[in-house]
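Structure record follows, encoded as structure tokens.
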Amino acid sequence: MPHKPDSLIWSSLLNVCATKRNIKYGEMAARKLFALDPLNAGPYILLSNMYASDGRWKDVAALRSLMKTNNVKKFAAYSWVDINNEVHKFVANDRIHKELDDLIKKVQEVGYKPSTNLVLHDVGEQEKLESISYHSEKLALAFMLMKRPHESMPVRILKNLRVCGDCHAFMKFSSKVTGRTIVLRDSNRFHHFVGGKCSCNDHW
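Note that full-length UniProt numbering has the sequence shown beginning at 1, numbered continuously upward.
Rendered as structure tokens:
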């Protein structure tokens with residue numbers, strides 16, 4: 001490689017490894033990022049997700065301990081939308097919107113299956129399902145569909161962190177069952193969901 005890899009290169013590799021579930025190279029990329037950007041919680045979270053998906057709970061716990069030792073702070077995830085110049089903000093586990101439960105049922109009917117293996121806690125399956133079902137971007141989507149059910153304009157959502165694999169799949173299925181284009185801007189890129197597919201081709 002003509003240039004020494006920087007944090008952008010290692011972040012790109014880690015994101016690919018997270019998508020492909022390649023833990024070996026994911027660990028390598030994450031540890032490079034720990035050294036280059038020691039206070040960035042992102043690499044810790046992505047590697048934790050990979051460990052959790054593989055049932056490696058001791059490694060998940062070890063990473064949490066390392067974050068605490070290194071004083072790495074995890075930022076709370078939230079999403080927001082704009083309606084008539086008024087910003088509406090959503091955080092995970094806000095269950096005030098019945099519309100989300102209805103949308104979950106619709107996307108499950110066409111093949112969506114919650115990725116409970118991404119939950120970073122060694123708990124029962126029902127608890128995992130409840131934890132992953134109410135992420136902020138899902139709440140934002142349900143809110144927009146409730147407020148603007150008949151518009152042809154894309155649904156636009158912003159999120160402060162990287163969208164997880166489960167929410168990414170949920171957005172694809174939602175664009176299919178609702179017939180709406182969904183534009184989600186997370187911390188990595190823009191995602192355009194149309195007809196059950198995303199512009200990123202599942203690489204983000």
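Glycine residues also receive a C-beta, built at the ideal position from the N, C-alpha and C atoms.
The model shown is predicted, which means the values in this text are computed figures rather than measured ones.
What do you get for residue 128, buried or exposed, if any count of 16 or more other CB atoms within 10 angstroms of its CB means buried? Buried, by the Cβ-count rule.
In whole angstroms, give me the CA-to-CA distance for residue 184 and residue 26. 25 Å
Given a cut-off of 7 Å on the beta-carbon distance, is the pair residue 175 and residue 194 in contact? yes
Roughly how many whole angstroms lie between the Cα atoms of residue 14 and residue 31? 10 Å
Between the CA atoms of residue 50 and residue 58 - distance to the nearest angstrom: 12 Å
Length of the line joining the Cα atoms of residue 53 and residue 44: So the alpha carbons of these two residues sit roughly 14 Å apart.
N- and C-terminal bounds of the beta strand (DSSP E) containing residue 32: Here residue 32 belongs to no beta strand (DSSP E); instead the alpha helix (DSSP H) covers 23–36.
Can you tell me where the alpha helix (DSSP H) with residue 73 in it begins and where it stops? Residue 73 -> no alpha helix (DSSP H), and no H or E assigned at all.
Using CA coordinates, which residue listed in 169, 182, 68 is at the minimum distance from residue 19? 169
Using 8 Å for Cβ pairs, my map puts residue 60 next to residue 41. What's the rounded Cβ distance? Incorrect: roughly 14 Å between the Cβ atoms, too far for contact.
As assigned by DSSP and simplified to three states, the class of residue 168: helix
Counterpart residues of residue 158 in DSSP-defined beta bridges: 80, 185
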